[in-house]
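Each protein sequence line maps, in turn, to chains S and B.
Take the first sequence: its position 27, counted from the start at 1, is 27 in the working numbering, and no numbers get skipped.
Position in the second sequence (first residue = 1) + 100 = the working numbering.
Quick reminder that beta carbons are idealized off the backbone N, C-alpha and C, glycines included.
If you're wondering where the values come from, they're calculated on a predicted model, not measured in any experiment.
Below: the structure, in structure tokens.
Number of protein chains: 2
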Amino acid sequence: MKFKAEVDVMPLDALLDPQGKAVTSAMGNLGLSQISNVRIGKHMTLWVDADSKEAAAKMVDDACQKLLCNAIMEQYRFVVEEIA
Amino acid sequence: MKFKAEVDVMPLDALLDPQGKAVTSAMGNLGLSQISNVRIGKHMTLWVDADSKEAAAKMVDDACQKLLCNAIMEQYRFVVEEIA
């Protein structure tokens, strides 16, 4: 079966996010000063061939820990859904 | 009222995503060759002060078009939810 996973990797809440800070202050210059606290991370989509949703989730979790997410600075979460 | 928006900005489907391609081939080296078609974009969270959910969504859409998304190469989508 084929599954699609959507992974979000974000900077840990406790860490400063300089890119997000820069964007937050740019919002003011664009007349969007009601927008605050921008934080920027990565969004990844990927396909997984697996026998079950659990097996697919296990593989995605593995991929996050080994490659996609740097646990020292980032946290991740993901959802898996069947596509075929 | 305060709203939280989650924005995903992804490379257009028609475009090559070299970063995603590199990660896809790295998956094979990690023993995760069942994972394919990785595409990598940005995930952003932000807070909006607005009178209604519609007004908040309008502002986020504005921010995406003016700053967060380069429409030539990227597409965006977002969800808004009330937090307080």
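Per-residue burial, residue i [other beta carbons within 10 Å of its own, 16 or more giving buried]
| i | result |
| --- | --- |
| residue 144 of chain B | buried |
| residue 156 of chain B | buried |
| residue 114 of chain B | exposed |
Cβ pair residue i, residue j closer than 8 Å
| i | j | result |
| --- | --- | --- |
| residue 9 of chain S | residue 81 of chain S | no |
| residue 179 of chain B | residue 67 of chain S | no |
| residue 171 of chain B | residue 159 of chain B | no |
| residue 32 of chain S | residue 163 of chain B | yes |
| residue 47 of chain S | residue 129 of chain B | no |
| residue 83 of chain S | residue 4 of chain S | yes |
Minimum C-alpha distance to residue i - residue among the options
| i | options | result |
| --- | --- | --- |
| residue 102 of chain B | S:17, S:48, S:34 | S:34 |
| residue 76 of chain S | S:61, S:84, S:83 | S:61 |
| residue 41 of chain S | S:7, S:84, S:83 | S:7 |
| residue 11 of chain S | S:84, S:83, S:69 | S:69 |
8 Å Cβ cutoff, residue i in contact with chain D
| i | result |
| --- | --- |
| residue 8 of chain S | No chain D appears in the structure shown, which is made up of the protein chains S and B. |
**Request:** Only counting runs of 4 or more residues, tell me where the alpha helix (DSSP H) segments fall wholly within the region 109-154 of chain B, in order along the chain.
**Result:** 118-129
**Request:** Quick one: which residues of the region 110-128 of chain B get their C-beta closer than 9 Å to a C-beta of chain S? List them in chain order.
**Result:** 110, 120, 123, 124, 126, 127
**Message:** For the region 48-59 of chain S, list every residue whose C-beta sits within 7 Å of some C-beta in chain B, in sequence order.
**Reply:** Those would be 48, 49, 50, 59, in chain order.
**Message:** Under 7 Å, CB to CB, which of the residues in the region 128-139 of chain B have a partner in chain S?
**Reply:** 130, 132, 134, 135, 136, 137, 138, 139
**Asked** If you scan the region 151-175 of chain B from start to end, which runs of the alpha helix (DSSP H) of 4 or more residues do you find wholly inside it?
**Response** 153-163
**Request:** Return the residues of the region 63-83 of chain S that lie within a Cβ-Cβ distance of less than 9 Å from chain B, sorted by chain order.
**Result:** 63, 66, 67, 68
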